[in-house]
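**Student:**
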Amino acid sequence: MSTVSMKSLAALALAGAAMLAGCKPAVEPSASPKADAPAMAPASPAQHVSRTARLQAFLVQRYGSNATLSAEWRGSWTDDGDTHAVDWQVCAEQPVVSGDSWQQLLAVCGALVDGAHIDPGTIEFFVLRPKGDGFEVTSELTGERFGSGGQPGTASIIRAGSDFYGFRVEDGWFGQGFSLLSQSLILPGPNGLVASGNVRSHIDNDAQYECDTVDASTDPDTANDCRTRRFSIDFALRFDDSDRSARVWPLLIDETGTTCGGKQVRQQHRFTLDPKTWAYSFPESLRREGCE
12 MSTVSMKSLA
22 ALALAGAAML
32 AGCKPAVEPS
42 ASPKADAPAM
52 APASPAQHVS
62 RTARLQAFLV
72 QRYGSNATLS
82 AEWRGSWTDD
92 GDTHAVDWQV
102 CAEQPVVSGD
112 SWQQLLAVCG
122 ALVDGAHIDP
132 GTIEFFVLRP
142 KGDGFEVTSE
152 LTGERFGSGG
162 QPGTASIIRA
172 GSDFYGFRVE
182 DGWFGQGFSL
192 LSQSLILPGP
202 NGLVASGNVR
212 SHIDNDAQYE
222 CDTVDASTDP
232 DTANDCRTRR
242 FSIDFALRFD
252 DSDRSARVWP
262 LLIDETGTTC
272 GGKQVRQQHR
282 FTLDPKTWAY
292 SFPESLRREG
302 CE
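See below:
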């Protein structure tokens, strides 16, 4: 190859290199920033419905729009085909543990608006469990008669075992100088709530005699009656929870007071719940109306 040709090729190479050096690669367009995906609205937490709201809803469903957890409401009660105007009110309620869950115990008392002295009132008992936003009935005992003068007495929640709860009702009759108070137990059995027995809670004939003012000037017959015929006895009911883990606790009744003749009474009675009848076998002596 001639010298001219070599010089020409070198010149061309230098020119090409200069051109390549002057050319810069195009800058790759930067990716435009991606718009953040709209944040997902957090799922609304499950609405919490309070226990009292559940109770109120149950009362309205069962007794009508006037029913309320905190006051009386006017309604009706049909007994043996006769419908009576009644003032209803919640007389006992309590949540209780049942196994791994919980239940709601509820007693609703009905007092007759125009009850005569011999007329009982009524109490309705419910065991409820939570379902959805409300309660459903597990068991119930309704239309039960208690008390006199149209008044049903009082109801309370009792604990009768490790997770075994029920109701105690105290009602009474007063007349002719006598006070006869009774207590009844309503317990959940295998097939629902059961009336498990009743005994006295107190008896006396204090109003039959004017004994508080007896002295040397008192008529001898009156003084003798106060010594020999007056009585006042209490029957205190409680459960023996010494074995806290026992499914059903023994029932104790402490009988104390003064019986006829001024004799002091102090004895304890112990009972167990019959698993076949789901009742207590109380002797008639604990349902008496006077001295033994």
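Throughout, the numbering used here is defined as the position within the sequence shown, counted from one, plus 11. Quick reminder that beta carbons are idealized off the backbone N, C-alpha and C, glycines included.
So the alpha helix (DSSP H) V71 belongs to, where does it begin and stop?
**Tutor:** The residue labelled residue 71 in the question sits at position 60 within the sequence shown. Where V71 is concerned, the enclosing alpha helix (DSSP H) stretches over 62-74.
**Student:** Mapping DSSP to helix, strand and coil, what is C120?
**Tutor:** If you number the sequence shown from 1, residue 120 lands on position 109. Here C120 sits in strand by DSSP.
**Student:** Write down the C-beta distance between F175 and V259 rounded to the nearest angstrom, noting that I regard them as a contact closer than 8 angstroms.
**Tutor:** Residue mapping note: residue 175 aligns to position 164 of the sequence shown, counting from 1. Residue mapping note: residue 259 aligns to position 248 of the sequence shown, counting from 1. Between V259 and F175 the Cβ distance is about 6 angstroms, and since that is below 8 angstroms, they are a contact.
**Student:** Where does G272 fall in DSSP's three states?
**Tutor:** If you number the sequence shown from 1, residue 272 lands on position 261. Note: G272 maps to helix in three-state DSSP.
**Student:** Determine the extent of the alpha helix (DSSP H) in which M237 is found, giving its start and end residues.
**Tutor:** One-based indexing of the sequence shown puts residue 237 at position 226. Rather than Met, the amino acid found at residue 237 in this sequence is Cys. Start and end: 231-239.
**Student:** Where does G164 land, buried or exposed, given buried means 16+ other C-beta within 10 angstroms?
**Tutor:** To locate residue 164, count along the sequence shown from 1; it is residue 153. G164 comes out buried.
**Student:** Hey, out of H95, R241, E83, A118, whose CA is closest to L196's CA?
**Tutor:** As a first step, residue 196 is located in the sequence shown; it is residue number 185 there, counting from the start. Taking only the C-alpha atoms, the option nearest L196 is A118.
**Student:** Would P199 be called buried (16 or more neighbouring beta carbons within 10 Å of its own) or exposed?
**Tutor:** Taking the sequence shown and counting its residues from 1, one reaches residue 199 at position 188. Counting Cβ neighbours within 10 Å, P199 comes out buried, since at least 16 surround it.
**Student:** If the criterion is Cβ atoms closer than 8 angstroms, does the pair I264 and L248 meet it?
**Tutor:** Within the sequence shown, numbered from 1, the residue matching residue 264 stands at position 253. Within the sequence shown, numbered from 1, the residue matching residue 248 stands at position 237. The answer is yes: Cβ separation under 8 angstroms.
**Student:** Measure from the alpha carbon of A234 to the alpha carbon of each residue in E83, G203, Y220, then state which is nearest.
**Tutor:** Counting from one through the sequence shown, the residue named residue 234 turns up at place 223. The candidate whose alpha carbon is nearest that of A234 is Y220.
**Student:** According to DSSP, simplified to helix, strand and coil, what is R298?
**Tutor:** Along the sequence shown, one-based indexing puts residue 298 at 287. Helix at R298.
**Student:** Three or more beta-carbon pairs under 8 angstroms between the region 100-114 and the region 73-88, yes or no?
**Tutor:** Output reads yes: the region 73-88 touches the region 100-114.
**Student:** Which same chain residues end up closer than 8 angstroms to F157 when comparing Cβ atoms and leaving out the 5 residues on each side of it in sequence?
**Tutor:** Mapped onto the sequence shown, residue 157 falls at position 146. Taken in chain order, the residues that qualify are P131, G132, T133, I134, P163, G164, V180, D182, S195.
**Student:** Identify, in the order they occur along the chain, each residue of the same chain with its Cβ nearer than 8 angstroms to the Cβ of R298, setting aside the five sequence neighbours on each side.
**Tutor:** As a position in the sequence shown, residue 298 is number 287, starting the count at 1. Cβ neighbours of R298 beyond the five flanking positions: S193, N209, V210, R211.
**Student:** Among the candidates V205, A257, G273, N202, whose CA atom is the shortest distance from the CA of C237?
**Tutor:** Numbered from its first residue, the sequence shown carries residue 237 at position 226. Of the listed residues, the one whose Cα sits closest to C237 is G273.
**Student:** Between the C-alpha atoms of Q279 and G75, what's the straight-line distance to the nearest angstrom?
**Tutor:** Here residue 279 is taken as the residue at index 268 of the sequence shown, counted from 1. Here residue 75 is taken as the residue at index 64 of the sequence shown, counted from 1. In a straight line, the C-alpha of Q279 is about 46 angstroms away from that of G75.
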